[in-house]
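K.L.:
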Amino acid sequence: MKKHLLAMLLLLTTMLVNAQQISVLVFSKTAGYRHESIETGIEALKKMAEENKWKITFSEDASIFNNKDLASFNTLLFLNTTGDILNEGQQKAMKKFIESGNGFVGVHAATDTEMEWEWYGEMTGAVFKNHPKIQKATVKLNKKEQHVATIHLKDQEVFLDEWYNFHLPVSNKIKVLATLDESSYTGEQMGVSHPIIWYQIFHGARIFYTGMGHTKESFSDIRFLNQLKNAVIWTSAKEL
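With full-length UniProt numbering as the guide, the letters of the sequence shown map in order to residues 1 to 240.
1) Check whether the Cβ of K154 sits closer than 7 Å to any heavy atom of the ligand MG, and report yes or no.
2) Have a look at the DSSP bridge pairing and note the partners of L180.
3) Let's test the definition: count the other Cβ atoms within 10 Å of the Cβ of M15 and tell me whether it reaches 16, buried, or not, exposed.
4) With distance defined between alpha-carbon atoms, name the residue in S218, T235, W234, N230 nearest to G41.
5) Among G103, I64, N130, which has the Cα closest to the Cα of G89?
6) Can you have a look at D112 and say buried or exposed, based on whether 16 or more other CB atoms are within 10 angstroms of its CB?
7) What are the residues that DSSP puts in a beta bridge with K55?
8) For K136, collect the residues of the same chain with a Cβ closer than 6 Å to its Cβ; drop the 5 residues on either side in sequence, then sort them by chain order.
9) Taking Cβ positions, are A149 and W234 nearer each other than 8 Å?
10) Kindly list the residues whose CB is nearer than 6 Å to the CB of I22, restricted to its own chain and excluding five residues on each side of it in sequence; keep chain order.
11) In chain order, what residues of the same chain have a beta carbon less than 6 Å from the beta carbon of P132, not counting five sequence neighbours either side?
12) Can you check whether the CB of V127 is closer than 8 Å to the CB of L77?
13) With respect to the alpha helix (DSSP H) encompassing V232, which residues constitute its N-terminal and C-terminal limits?
14) Report buried or exposed for E51, applying the criterion of at least 16 other Cβ atoms within 10 angstroms of its Cβ.
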């Protein structure tokens, strides 16, 4: 029943957002490790935007982070960004954009970005620490916290990815949508409840993060693509 209601909510959200057209800035600048999946992700998002009639812009030029250019978008998507990628003025423009109620979608290494910028870590909800080798693991939905970006997932799903651990404490303001079953894989782990998909309302803005998206194969997995699609739709709508 809840999933039906969420599906209806997603439809209504889509209709409302489409009235102003979704406009997404996909930013994939890297100042650290560069994921091979970035180019694959860009192609997948191009196709997604075409199918859903979004306006989409791809950039690795941080100069786009100014008040005038950002005003063209209603959500940002950080696609496996890494390291310190924005200068102080660009940070101020991004902060103003988010605190004006615009949205943000973080994919995988978005938490391995701007790690010294406290505001950014509060917005994403967690900061990357380390990871074990790429392997399959069980992702478990939080039945108490449902969301339009994860309504298509079963209670438990197995994915192949690079599973991030995060520095503790993870923000207590995030709403955890899914956790990792740490008994389902080996290597470095958090040893506590291990969030992997979450959202929050941050200074009036809708923020969504998924820890998935390291591999090229992620961007041909319909389960992951539906996360991204529905997250973009949701974050593009203003919080009431």
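Glycine is no exception: its CB is placed at the ideal position from the N, C-alpha and C atoms.
P.N.:
Working from what's here:
1) Absent from the structure shown: the ligand MG. Ligands present: none.
2) Bridge partners of L180: V139.
3) With a pLDDT of only 48 at M15, under the threshold of 50, the placement of this residue in the model should not be trusted, and no figure is reported.
4) Between G41 and the set S218, T235, W234, N230, the nearest pair of CA atoms involves S218.
5) Closest by alpha carbon: I64.
6) D112 is buried by the Cβ-count criterion.
7) In the DSSP assignment, K55 forms a beta bridge with S23.
8) Excluding positions up to five away in sequence, the list reads V158, L160.
9) It is a contact, given that the beta carbons lie within the stated cut-off.
10) Here the set comprises W54, S236.
11) Once the five neighbours on either side are set aside, the close Cβ partners of P132 are G187, E188.
12) Against a cut-off of 8 Å, the Cβ pair of V127 and L77 comes out as no contact.
13) For V232, the enclosing alpha helix (DSSP H) has its first and last residue at 222–236.
14) Its Cβ having fewer than 16 others within 10 Å, E51 is exposed.
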